[in-house]
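Encoded as structure tokens, the structure appears first; notes follow it.
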Amino acid sequence: MPDKWVYVTRRIPKPGLTKLSELFNIDSYESDEAIPHDVLVNSMKEKRYDALLCMLTDKIDKEVLDAAGPQLKIVATMSVGYEHIDLQECAKRNILVANTPGVSTDSVAELTVSLLLMTARRVPEGVNAVKKGEWGQWKPMWLCGTELTGKVLGIYGLGRIGFNVGRRLKPFGFSKIYYTDVQEVSYAKDIDAEFINFEGLIQKCDFICVCCNLTPQTRHMFNTDVFKKMKRNAILINTGRGGVIDHEALTEALKNGDITAAGLDVTEPEPLPKTHPLVSLPNCVILPHMGSNTWDSRNAMAEIAARNCVAAITNVTPEGIVSV
Ligand code: DGY
31 MPDKWVYVTR RIPKPGLTKL SELFNIDSYE SDEAIPHDVL VNSMKEKRYD ALLCMLTDKI
91 DKEVLDAAGP QLKIVATMSV GYEHIDLQEC AKRNILVANT PGVSTDSVAE LTVSLLLMTA
151 RRVPEGVNAV KKGEWGQWKP MWLCGTELTG KVLGIYGLGR IGFNVGRRLK PFGFSKIYYT
211 DVQEVSYAKD IDAEFINFEG LIQKCDFICV CCNLTPQTRH MFNTDVFKKM KRNAILINTG
271 RGGVIDHEAL TEALKNGDIT AAGLDVTEPE PLPKTHPLVS LPNCVILPHM GSNTWDSRNA
331 MAEIAARNCV AAITNVTPEG IVSV
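Every number in this note's numbering is 30 more than the matching position in the sequence shown, counting from 1.
This is how it looks when you write it as structure tokens:
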């Protein structure tokens, strides 16, 4: 279909582009950095694109959709998250929205486990101490962290990623695994996880992994009130979305000792400026949103996003449809 056009908002791994360029014409924003919003709007006006392949950094709002015009069939995001896309505006225009679920589950779950272990055992502090020449004689109480064995694990959001985090963490010997979600799920029994309400989760757990989407319901779920109710030895890990945690409240909680430590792969905002108070706290481990940074995941994500564009243009149902 040489008359069909796809706009790609970034340089993406080859498996995605090869597929698309065999079938359609492609314009893309040739950079590893995010496309500025005004550039995206103007680019949408330049041609009548049939598909828009975007990233989680691109705000796909009314302005972009108006600029794109009525022939646009799909917004295919190369991400699991889709909070950057105005679903209502897409629905009004009959534009499909598709994401890339499933293919980054293992990479994000692996990183969640790494971050939990790094935070619990104070690994970044140890690495820094060596680099800074602070490694002196062995000391009985230096850089002591927390073991996982015998502790209570909580998972907030037992979707694909949450479940796979639980599956990987279970062999560490937690005494109990709880999960909170909008409803009980049958597969929770495969990791012996028990459903509990949010109040129960925050009061009983020594480790809490946030693995949920950002929605109006989950926004700032972890706030000052919640931190006051959590165990003082609790460690909070977030690989879902930064907005689930109120970062000002988290800063205070970590400073006051309301909770022991936090490990964040996602923050609000992103990137988190290096002057943000959380960055200098020794009990906060922050990674630059790198949960799905493996070639395995990124190649697969690019390929699926491309396949979703092909499907929509050729009137086939895309595999990762997101509904309003
Ligand atoms: C996603 O796919 O939404 C992830 O957050 C990207 O790493």
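No residue lacks a Cβ here, since even glycine has one placed at the ideal position from N, Cα and C.
heavy atom of the ligand DGY below 7 Å from Ser109 C-beta: Numbered from 1 along the sequence shown, position 79 holds the residue referred to as residue 109. The answer is yes for Ser109.
Rounded Cβ spacing between Ala336 and Gly111 (contact assumed at less than 8 Å): Here residue 336 is taken as the residue at index 306 of the sequence shown, counted from 1. Here residue 111 is taken as the residue at index 81 of the sequence shown, counted from 1. At roughly 18 Å, the Cβ-Cβ gap does not stay under 8 Å, so Ala336 and Gly111 are not in contact.
CA nearest to the CA of Met108, picked from Gln118, Asp88, Pro100 and Glu214: Looking up residue 108 in the sequence shown gives position 78. That would be Asp88, whose Cα lies nearest to the Cα of Met108.
N-terminal and C-terminal residue of the beta strand (DSSP E) that Val110 is part of: As a working mapping, residue 110 is identified with position 80 in the sequence shown. No beta strand (DSSP E) holds Val110; DSSP gives it neither H nor E.
Cβ contact check for the stretch 177-194 and the stretch 230-243: 3 or more pairs under 8 Å: yes
Supposed close pair Pro301, Pro318 - CB separation, criterion 8 Å: Numbered from its first residue, the sequence shown carries residue 301 at position 271. Numbered from its first residue, the sequence shown carries residue 318 at position 288. Pro301 to Pro318, Cβ: 7 Å. Contact.
Val38, enclosing alpha helix (DSSP H) - first and last residue: By 1-based counting over the sequence shown, the position of residue 38 is 8. Note, Val38: premise wrong, no alpha helix (DSSP H); beta strand (DSSP E) at Trp35 to Val38.
For Arg328 and Pro131, believed in contact at Cβ under 8 Å, the rounded distance: On the sequence shown, residue 131 is found 101 positions in, with the first residue counted as 1. On the sequence shown, residue 328 is found 298 positions in, with the first residue counted as 1. No, Pro131 and Arg328 are not in contact; Cβ-Cβ is about 15 Å, not under 8 Å.
heavy atom of the ligand DGY below 7 Å from Gly321 C-beta: Looking up residue 321 in the sequence shown gives position 291. Indeed, a heavy atom of the ligand DGY lies less than 7 Å from the Cβ.
Every unbroken alpha helix (DSSP H) within the stretch 138-193, with a cutoff of 4 residues, ordered by chain: 153-161
Cβ shell of Arg271 (< 6 Å), same chain only, five flanking positions each side left out: Position 241 of the sequence shown holds residue 271. Excluding sequence neighbours, Arg271 sits near Leu244 and Val296.
CA nearest to the CA of Val354, picked from Lys92, Tyr79 and Ile115: Mapped onto the sequence shown, residue 354 falls at position 324. With distances taken between Cα atoms, Val354 lies closest to Ile115.
Beta-carbon contacts of Ala159 that lie in its chain and below 6 Å, excluding the five residues immediately before and after: Within the sequence shown, the letter at position 129 stands for residue 159. Only Trp165 meet the Cβ criterion.
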